[in-house]
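Number of protein chains: 2
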Amino acid sequence: MTDSPPRTRIQARNRATILEAALEVFAAHGFRGATIDRIAQAAGLSKPNLLYYFRSKEALHLAILEDLMDLWLAPLRGMDPEGEPREQILTYVRRKLEMSRDHPRESRLFANEILQGAPRARPVLEGELKSLVDEKAAVIAGWSASGRIGPVDPHHLIFSIWALTQHYADFEVQVGAIMGGTDPYPAAEIWLEQVFGAVLAPPGETG
Amino acid sequence: MTDSPPRTRIQARNRATILEAALEVFAAHGFRGATIDRIAQAAGLSKPNLLYYFRSKEALHLAILEDLMDLWLAPLRGMDPEGEPREQILTYVRRKLEMSRDHPRESRLFANEILQGAPRARPVLEGELKSLVDEKAAVIAGWSASGRIGPVDPHHLIFSIWALTQHYADFEVQVGAIMGGTDPYPAAEIWLEQVFGAVLAPPGETG
DNA sequence: CGTGATTTTTACCGGGCGGTCAAATCGATG
DNA sequence: CATCGATTTGACCGCCCGGTAAAAATCACG
Numbered sequence: 017m018t019d020s021p022p023r024t025r026i027q028a029r030n031r032a033t034i035l036e037a038a039l040e041v042f043a044a045h046g047f048r049g050a051t052i053d054r055i056a057q058a059a060g061l062s063k064p065n066l067l068y069y070f071r072s073k074e075a076l077h078l079a080i081l082e083d084l085m086d087l088w089l090a091p092l093r094g095m096d097p098e099g100e101p102r103e104q105i106l107t108y109v110r111r112k113l114e115m116s117r118d119h120p121r122e123s124r125l126f127a128n129e130i131l132q133g134a135p136r137a138r139p140v141l142e143g144e145l146k147s148l149v150d151e152k153a154a155v156i157a158g159w160s161a162s163g164r165i166g167p168v169d170p171h172h173l174i175f176s177i178w179a180l181t182q183h184y185a186d187f188e189v190q191v192g193a194i195m196g197g198t199d200p201y202p203a204a205e206i207w208l209e210q211v212f213g214a215v216l217a218p219p220g221e222t223g
Numbered sequence: 017m018t019d020s021p022p023r024t025r026i027q028a029r030n031r032a033t034i035l036e037a038a039l040e041v042f043a044a045h046g047f048r049g050a051t052i053d054r055i056a057q058a059a060g061l062s063k064p065n066l067l068y069y070f071r072s073k074e075a076l077h078l079a080i081l082e083d084l085m086d087l088w089l090a091p092l093r094g095m096d097p098e099g100e101p102r103e104q105i106l107t108y109v110r111r112k113l114e115m116s117r118d119h120p121r122e123s124r125l126f127a128n129e130i131l132q133g134a135p136r137a138r139p140v141l142e143g144e145l146k147s148l149v150d151e152k153a154a155v156i157a158g159w160s161a162s163g164r165i166g167p168v169d170p171h172h173l174i175f176s177i178w179a180l181t182q183h184y185a186d187f188e189v190q191v192g193a194i195m196g197g198t199d200p201y202p203a204a205e206i207w208l209e210q211v212f213g214a215v216l217a218p219p220g221e222t223g
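So this is what it looks like as structure tokens:
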């Protein structure tokens with residue numbers, strides 16, 4: 017009754033509302049810090065009513081995680097082995113940065129999960145994520161070996177892209193405290209292009 | 017009775033033990049996820065006994081935060097305006113990476129705090145941290161303007177150093193899942209030197 | 001508009017958590 | 001070894017939280 021595609025209009029609407037509210041609350045307070053009551057309130061429902069749609073807090077969190085995975089990995093999946101290497105990687109960087117700007121809650125929810133030791137997401141990390149990363153790392157290694165980009169450590173390059181882009185979402189408060197009221201994203205976009213442009217440049221070139 | 021320098025040997029020993037245990041538990045579970053009971057147990061004390069040394073969970077967390085601040089900002093403070101620019105920055109990167117390797121719990125505790133919106137650390141961010149960062153950013157800007165390093169955005173350069181180095185502590189589980197059992201730090205050190213070396217290079221130079 | 005399924009509400013439970021209190025124990029000092 | 005402060009313990013409180021049960025309200029459909 018709680019799983020499987022929604023059978024009624026009400027179910028579809030409420031499940032979506034709940035997921036949205038839960039994303040907000042989980043991202044802001046982490047799993048333990050979030051309470052069903054708060055999520056229900058944010059969704060405009062009573063607690064038992066929410067539990068009518070999701071068996072448990074755990075199930076709700078898991079549902080979000082699954083929903084998010086596709087969105088989250090899309091930019092990396094979109095990196096085309098047949099494309100122009102430098103452009104592919106810089107596009108990946110740009111799309112990841114847009115992800116932080118447009119979906120900071122998703123970023124913080126993931127960050128929370130990983131920080132706590134990924135108690136719920138570990139299978140995904142070791143399965144889907146690892147194989148995708150290994151696949152794309154191989155592509156980058158190929159580009160690097162053929163001299164189309166400079167010599168790079170593909171895995172650490174990917175880590176760097178994650179770290180640099182997600183930082184603006186996950187540590188938003190800190191960035192904000194230091195930058196005052198200034199929106200960091202325009203400058204960040206330019207900066208990240210500069211950083212990765214420099215790293216990817218084949219030896220002997222100058223930007 | 018709970019504040020001020022410890023008056024007895026027992027107090028000094030127990031306060032230290034508690035802080036150590038609390039660091040462990042707070043880093044692993046966040047503020048809300050950590051329980052006084054768990055911390056007390058990890059410290060080998062009873063819950064009321066712990067509360068004899070720290071008035072409340074809040075006070076304990078705050079004490080840790082204060083204790084940590086010096087350790088945490090030391091690498092940035094150590095950046096010498098009179099030193100050789102490239103070396104100063106690369107040394108900062110190296111020291112920050114060592115911080116992630118040798119003090120991952122501290123890193124994760126901070127990350128947790130910031131992620132939750134820095135409810136307890138915000139004053140420090142907007143005061144001490146901001147002024148230190150602004151000061152060092154000005155130094156870097158000077159180096160950049162005088163052409164001793166390439167043109168960089170000082171604030172975003174600092175953010176990048178934080179993001180890249182802390183990533184290895186805060187997202188350790190994810191890095192571990194992808195790298196298998198391999199220790200990422202040796203490769204990370206080389207990689208980060210490569211990255212920042214490339215970014216800092218004055219135009220026209222080649223590494 | 002009646003009827004059966006769906007949705008929502010009200011009331012509640014058991015456990016855990018932050019914190020208190022008073023009594024008991026320990027430990028240094030004379 | 002007596003004494004007094006420092007330390008530790010056990011018992012407890014009130015609140016919140018995740019989750020349940022069953023009745024009540026609502027809805028879709030003939």
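Sequences listed follow chains A and B, in order.
Read left to right, the first sequence gives residues 17 to 223 (the working numbering).
Read left to right, the second sequence gives residues 17 to 223 (the working numbering).
All C-beta atoms in this analysis are idealised placements derived from N, C-alpha and C, irrespective of residue type, glycine included.
Note that this is a predicted model, so its numbers are computed, not measured.
Report task. Could you check which residue in Asp199/B, Met95/B and Arg48/B has the C-alpha nearest to that of histidine 172/A? Result -> Numbered from its first residue, the first sequence carries residue 172/A at position 156. Measuring from the Cα of histidine 172/A, the nearest candidate turns out to be Asp199/B.
Query - Short CB-CB distance (under 9 Å) between valine 155/B and chain A - result: On the second sequence, residue 155/B is found 139 positions in, with the first residue counted as 1. Answer no: the Cβ-Cβ gap between valine 155/B and chain A never drops below 9 Å.
Query raised in the report: Taking 9 Å as the CB-CB limit, is phenylalanine 42/B close to chain A?
Result: In the second sequence, counting from the first residue as 1, residue 42/B sits at position 26. No, phenylalanine 42/B lies away from the interface with chain A (no Cβ there is under 9 Å from its Cβ).
Query - Secondary structure, alpha helix (DSSP H): runs of 4+ residues fully inside the stretch 30-72 of chain A - result: 52-59 and 63-69
Query raised in the report: At which residues does the alpha helix (DSSP H) containing valine 168/A begin and terminate?
Result: Position 152 of the first sequence, counted from the start, is the residue given in the question as residue 168/A. Segment: none, valine 168/A is in no alpha helix (DSSP H) and carries neither H nor E.
Requested in this report: Assign methionine 17/A to buried or exposed, taking buried as 16 or more other Cβ atoms, counted over all protein chains shown, within 10 Å of its Cβ.
Outcome: In the first sequence, residue 17/A corresponds to position 1, counting from 1. Low local confidence applies: a pLDDT of 38 at methionine 17/A is under 50, so the model's placement there is unreliable, with the coordinate-based value given in what follows. Classification for methionine 17/A: exposed.
**Report entry** Members of the stretch 101-117 of chain A near chain B, C-beta cut-off 8 Å
**Finding:** none
Query raised in the report: Can you list the residues of chain B that leucine 39/A reaches, using a CB-CB cut of under 9 Å?
Result: Mapped onto the first sequence, residue 39/A falls at position 23. Neighbours of leucine 39/A on chain B: none; closest Cβ ~14 Å, over 9 Å.
Query raised in the report: So what's glutamine 132/B in DSSP terms, helix, strand or just coil?
Result: Taking the second sequence and counting its residues from 1, one reaches residue 132/B at position 116. If DSSP states are grouped into helix, strand and coil, glutamine 132/B belongs with coil.
**Report entry** Limits of the alpha helix (DSSP H) - the one that serine 160/B falls within
**Finding:** Mapped onto the second sequence, residue 160/B falls at position 144. Where serine 160/B is concerned, the enclosing alpha helix (DSSP H) stretches over 146-161.
Query raised in the report: Is methionine 85/B close to chain A, meaning its C-beta is less than 9 Å from at least one C-beta of that chain?
Result: Counting from one through the second sequence, the residue named residue 85/B turns up at place 69. Not an interface residue.
Query raised in the report: If you drop the 5 nearest sequence neighbours on each side, which residues of the same chain put their C-beta closer than 8 Å to that of leucine 89/B?
Result: Against the second sequence, residue 89/B aligns to sequence position 73. Taken in chain order, the residues that qualify are Glu144, Leu145 and Leu148.
Query raised in the report: Going along chain B in order, which residues have a C-beta closer than 7 Å to the C-beta of phenylalanine 175/A?
Result: Taking the first sequence and counting its residues from 1, the one referred to as residue 175/A is at position 159. Ordered by position in chain B, the residues that pass the 7 Å Cβ test against phenylalanine 175/A are His183 and Val191.
Query raised in the report: Excluding sequence positions up to five away, which residues of its chain have a Cβ less than 7 Å from the Cβ of threonine 101/A?
Result: Sequence index remark: in the first sequence, residue 101/A carries index 85 (1-based). Inspection of the sequence shows that residue 101/A is occupied by proline rather than by threonine. Taken in chain order, the residues that qualify are Trp159, Arg164 and Ile165.
Query raised in the report: DSSP three-state call for proline 101/A: helix, strand or coil?
Result: Within the first sequence, residue 101/A is the residue found at index 85, counting from 1. The answer is helix: DSSP assigns proline 101/A an H, G or I state.
Query raised in the report: Which whole-angstrom value describes the C-beta separation of isoleucine 185/A and arginine 124/A, a residue pair presumed to lie in contact below a C-beta threshold of 8 Å?
Result: Counting from one through the first sequence, the residue named residue 185/A turns up at place 169. Counting from one through the first sequence, the residue named residue 124/A turns up at place 108. This sequence places alanine at residue 185/A; isoleucine is not what is there. That pair is a contact at about 6 Å.
Query raised in the report: How would you list, in chain order, the residues of chain A whose beta-carbon sits under 9 Å from the beta-carbon of glycine 197/B?
Result: Locating residue 197/B in the second sequence gives position 181, counting from the first residue. Correct list: empty, because the minimum Cβ distance to chain A is about 12 Å.
Query raised in the report: Going by alpha carbons, who is nearest to valine 215/A out of Arg48/A, Asp169/A, Gly94/A and Val140/A?
Result: Start at 1 with the first residue of the first sequence, and residue 215/A comes out as number 199. Answer by Cα proximity: Asp169/A.
Query raised in the report: In chain A, which residues lie with their C-beta within 8 Å of the C-beta of glutamine 57/B?
Result: Indexing the second sequence from 1 puts residue 57/B at position 41. Within 8 Å Cβ-Cβ: nothing; glutamine 57/B doesn't reach chain A, min ~17 Å.
Query raised in the report: Over what stretch of residues does the alpha helix (DSSP H) that includes proline 202/B continue unbroken?
Result: For the purposes of this step, residue 202/B is identified with residue 186 of the second sequence, where counting begins at 1. Note, proline 202/B: alpha helix (DSSP H), 201-216.
Query raised in the report: Taking all protein chains shown into account, do 16 or more other C-beta atoms lie within 10 angstroms of the C-beta of alanine 79/B, making it buried, or fewer, making it exposed?
Result: Taking the first residue of the second sequence as 1, we reach residue 79/B at position 63. Classification of alanine 79/B: buried, given that the 10 Å Cβ count is 16 or more.
Query raised in the report: Would DSSP call threonine 18/B helix, strand or coil?
Result: By one-based count along the second sequence, residue 18/B stands at place 2. Below a pLDDT of 50, predicted positions are generally treated as unreliable, and threonine 18/B, at 38, falls in that range; the measurement from the model is reported next regardless. Of the three classes helix, strand and coil, the one that applies to threonine 18/B here is coil, per DSSP.
Query raised in the report: Should the stretch 23-41 of chain B be regarded as contacting the stretch 60-80 of chain B, the criterion being three or more beta carbon pairs within less than 8 Å?
Result: Touching, yes.
Report task. Less than 8 Å between the CB atoms is what I'm expecting for leucine 61/B and phenylalanine 212/B, so what's the real figure, rounded? Result -> Within the second sequence, residue 61/B is the residue found at index 45, counting from 1. Within the second sequence, residue 212/B is the residue found at index 196, counting from 1. Wrong, their Cβ atoms sit about 44 Å apart, outside the cutoff.
Query raised in the report: Buried or exposed: which applies to serine 72/B, given that a residue is buried once 16 or more other Cβ atoms fall within 10 Å of its Cβ?
Result: To locate residue 72/B, count along the second sequence from 1; it is residue 56. The residue is exposed, with fewer than 16 neighbouring Cβ atoms inside 10 Å.
Query raised in the report: Which term fits leucine 113/A, buried or exposed, when burial requires 16 or more other beta carbons within 10 angstroms of its beta carbon?
Result: As a first step, residue 113/A is located in the first sequence; it is residue number 97 there, counting from the start. Flag for leucine 113/A reads buried.
Query raised in the report: Does any residue of chain B bring its CB to less than 9 Å from the CB of aspartate 96/A?
Result: Looking up residue 96/A in the first sequence gives position 80. No, aspartate 96/A lies away from the interface with chain B (no Cβ there is under 9 Å from its Cβ).
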